[in-house]
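Student:
In this note's numbering, the protein residues as written are 52 to 182.
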């Protein structure tokens, strides 16, 4: 089975970030559950997706069995939204890798800032539609 599909993407937000994020978004009338989740299409080595505050465009490499290397540029077009890893930036470069489940219906991985590998976040993906 190919990784080419429509996937949901959910960041695993570290507990220490939750109070600060809730306070920031509550001031804007949003909840933590409304933010940072999105969708991506993986097709022919390209990543295209986003959420209601940003776009995600990049590349992936699925040549190694069960491992997918990713590199993506996130652009924030809504001023109410910001990067969890680099809050002051409107454009963020990320890279990382994800591991597919045996049935290839789920994936989990870790992404980090290209400019600072210590600023990282776990992600979970769920396949929702075949292409």
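Every residue gets a Cβ at the ideal spot worked out from N, C-alpha and C, and that includes glycine.
#1: Taking three-plus beta-carbon pairs below 8 Å as touching, is the stretch 126 to 140 in contact with the stretch 148 to 157?
#2: For residue 124, which residues does DSSP report across the bridge?
#3: Within a Cβ cutoff of 6 Å, which residues of the same chain sit near residue 53, ignoring the five residues on either side of it in sequence?
#4: Count the other CB atoms within 10 Å of the CB of residue 167; is the residue buried (16 or more) or exposed (fewer)?
#5: Quick one: what does DSSP say residue 77 is sitting in, helix, strand or coil?
#6: Starting from residue 92 and walking both ways along the beta strand (DSSP E), at which residues does that stretch end?
#7: Look at the alpha carbon of residue 104 and the alpha carbon of residue 148, and state the distance between them as a whole number of angstroms.
#8: Based on DSSP bridge pairs, tell me the residues matched to residue 159.
#9: Once you ignore the five residues that flank residue 181 on each side, which residues in its own chain have a CB closer than 7 Å to its CB?
#10: Can you give me the Cβ contacts of residue 108 inside the same chain, cut-off strictly under 7 Å, excluding the 5 residues immediately before and after it?
Tutor: Concretely, from the data shown:
#1: They do not touch, by the three-pair rule.
#2: Bridge pairing for residue 124: 108 and 144 [DSSP].
#3: Short of 6 Å from the beta carbon of residue 53, and not among the five residues preceding or following it, lies no beta carbon of its own chain.
#4: Classification for residue 167: exposed.
#5: Secondary structure of residue 77 (DSSP, three-state): helix.
#6: 89 to 94 is the extent of the beta strand (DSSP E) around residue 92.
#7: C-alpha of residue 104 to C-alpha of residue 148: approximately 23 Å in a straight line.
#8: Its beta-bridge partners are 150 and 175.
#9: Short of 7 Å from the beta carbon of residue 181, and not among the five residues preceding or following it, lie these beta carbons of its own chain, in chain order: 56.
#10: Excluding five sequence positions before and after residue 108, the CB atoms of its chain that fall closer than 7 Å to its own CB belong to 98, 99, 123 and 124, given in chain order.
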